[in-house]
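Taking it in order: structure first as structure tokens, then the write-up.
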Amino acid sequence: MAPIRPQPIHLEGTTLEGGGQLLRIALGLSSLTNKPITITNIRGKRSGGGGLKAQHLTSMLWLGQASNARIGGAGLKSKEVTFTPNTLPALHSDIAAGHVSIGQSTPGSINLVLQAVLPYLLFCGAREPVRLRITGGTNVSNSPSYDYVEQVLFPMLAVVGIPLITSTCHSRGWSTGSTRLGSATFTITPLTTTLPAFDLRDRGRIESVRATVLAPRDTEQDFRDNLDLMFEKRQSRIFGDTSDPQIDITFEPSHHEKRYYLLLVATTSTGIKLGRDWLYDGGVRAGKTTQIVPNIVRKVSDDLIAEIEHGGCVDEWMRDQLVVFQALAEGASQVDGGRRDDRPLEPSLHARTGMWVAEKVLGVEFGDEGACEGVRFVPESGEWRKEELVTKAVETLQLS
Ligand SMILES: Nc1ncnc2c1ncn2[C@@H]1O[C@H](COP(=O)(O)OP(=O)(O)OP(=O)(O)O)[C@@H](O)[C@H]1O
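Mapping to my numbering: the sequence shown position 123 is 418, numbers consecutive.
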């Protein structure tokens, strides 16, 4: 009897955020679970006609290769894709050899490609660490920066039980100033057992803040002065009654008069990291630059204080990233996203989009306060949740 091919799960690309996040999470989960998907109206809520950008296409082709998928509609600007994985033979040879390289010819965000492939690499059942090299942009608008990923995402993933991912930035790639390609390598240790449920509800006190500045060399002193002043004026709002707060400022020249970036990361007594940043996208006109540095420092510190004052354990971006791991974990994971005016803060549209995709592909449910009973994905066998095992058993019987 011929194998029964399940119908692809249909995901309408204009749902909620209606951008690339939907596609990345859907492809990651599809390639892990072997469930075929069809996405229509890809990035249908984005201006410029939507469809696949290079960064999305690159991620899809790599996941397709890794999961041995048939892909219909893979092309730049494509608005409809059908992705049918077939995870046999089990492990792609590059992953088994521990070296994966993903190239891009434009500075599409390295960290969004990483976001697309990370769940697969962590849960694919590989036994040895994988060195993943990606070419593209390290500092790109509307995406996680290399610095955020290294200082917030990886430590926070370690807090929830994922072996610490380490990284090396070989060269910076920028979407501002003149565009420039860069590259980074991430060393990822795949999970060998299920990811236990995690509980992110104990925020603790803010003990330290690290400021990372990338900017034209001649602005270093200006940044240091503005940051010192800001920390002095806003000490009680940032650190509360912590008696000896640690402050650390690092500066790296950005080698272009139009490239300014600031990241502030607060670390708490329970190891939680909250980050906010800005890759400056305002005008830079000769003779009119005096307000740029104070504006950047004010905006990023306002944003960090908002993250601190909600009292939760994740900043907005981190909450977006955890959705997929909550869905794959074993048991009920809790993530406190904070409160405002005595009400829980709504997850962002990006996070709600991820939740919707996980609900469609895995059948999980997310509660109003961010809790989710995960499917207990087992890396080595690719098995998950009892109902699925029953379905697999029935399919096997029908095949024999
Ligand atoms: N400043 C930031 N720091 C960390 N993460 C960020 C930041 N800005 C955006 N993100 C994350 O980047 C992702 C952006 O997803 P989104 O779908 O908007 O981007 P995209 O793939 O470039 O697609 P599109 O072009 O359709 O917007 C989300 O996961 C969001 O959490």
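Note that CB positions come from ideal geometry on N, CA and C, so glycine has one too.
Computed from a prediction, not measured in an experiment: that's the story for all the values here.
- Contact holds between the segment 599-619 and the segment 550-568, because three or more Cβ pairs, one in each stretch, are under 8 angstroms apart.
- Between ligand 1 and P439, a heavy atom-to-CB distance of less than 6 angstroms is present.
- Straight through space, the alpha carbons of T507 and S676 are spaced by roughly 42 angstroms.
- Note that the C-beta distance between A561 and I501 is below 7 angstroms.
- Among the bridge pairs identified by DSSP, T562 is matched with S503, K568.
- For D631, the closest of L644, L623, L617 by C-alpha to C-alpha distance is L617.
- Look at S531 here: in three-state DSSP terms it is helix.
- Excluding sequence positions up to five before and after G665, its CB lies within less than 6 angstroms of the CB of V630, G632, all in the same chain and listed in chain order.
- The continuous stretches of alpha helix (DSSP H) do not include V670, which lies in the beta strand (DSSP E) extending over residues 667-670.
- With a 10 Å radius around the Cβ and a threshold of 16 neighbouring Cβ atoms, K528 comes out exposed.
- Nearest to L407 by C-alpha distance, out of Y555, Q316, L371, G420, is Q316.
- The C-beta separation of A411 from G344 comes to about 21 angstroms, leaving the pair out of contact by the 8 angstroms criterion.
- Counting along the chain, I405 sits inside the alpha helix (DSSP H) bounded by residues 405-418.
- Closer than 6 angstroms to some heavy atom of ligand 1: that describes the Cβ of L407.
- Counting along the chain, no beta strand (DSSP E) covers P450; the unbroken alpha helix (DSSP H) around it starts and ends at 449-454.
- Spanning the alpha carbons of E602 and Q541 requires a straight line of approximately 18 angstroms.
- Under the DSSP assignment, S596 falls in the alpha helix (DSSP H) whose first and last residues are 587-604.
- In this structure, L559 lies near L599, with their beta-carbon atoms less than 7 angstroms apart.
- When the Cα atoms are used, V395 and D520 turn out to be separated by approximately 42 angstroms.
- If you draw a straight line from the Cα of K594 to the Cα of L644, it is about 22 angstroms long.
- Taking the Cβ atoms as the reference, P303 lies roughly 4 angstroms from T333, within the contact range of under 8 angstroms.
- Taken from the Cβ of Y556, every heavy atom of ligand 1 lies 6 angstroms or farther away.
- At the C-beta level, S478 and T537 stay beyond 7 angstroms of one another.
- Taking a cut-off of 8 angstroms for Cβ pairs, the segment 444-458 and the segment 466-473 do not touch, as fewer than three such pairs fall below it.
- Sixteen is the threshold: when 16 or more other Cβ atoms of the shown chains lie within 10 Å of the Cβ of L657, as they do, the residue is buried.
- Per DSSP, S396 is one residue of the beta strand (DSSP E) stretching across 394-397.
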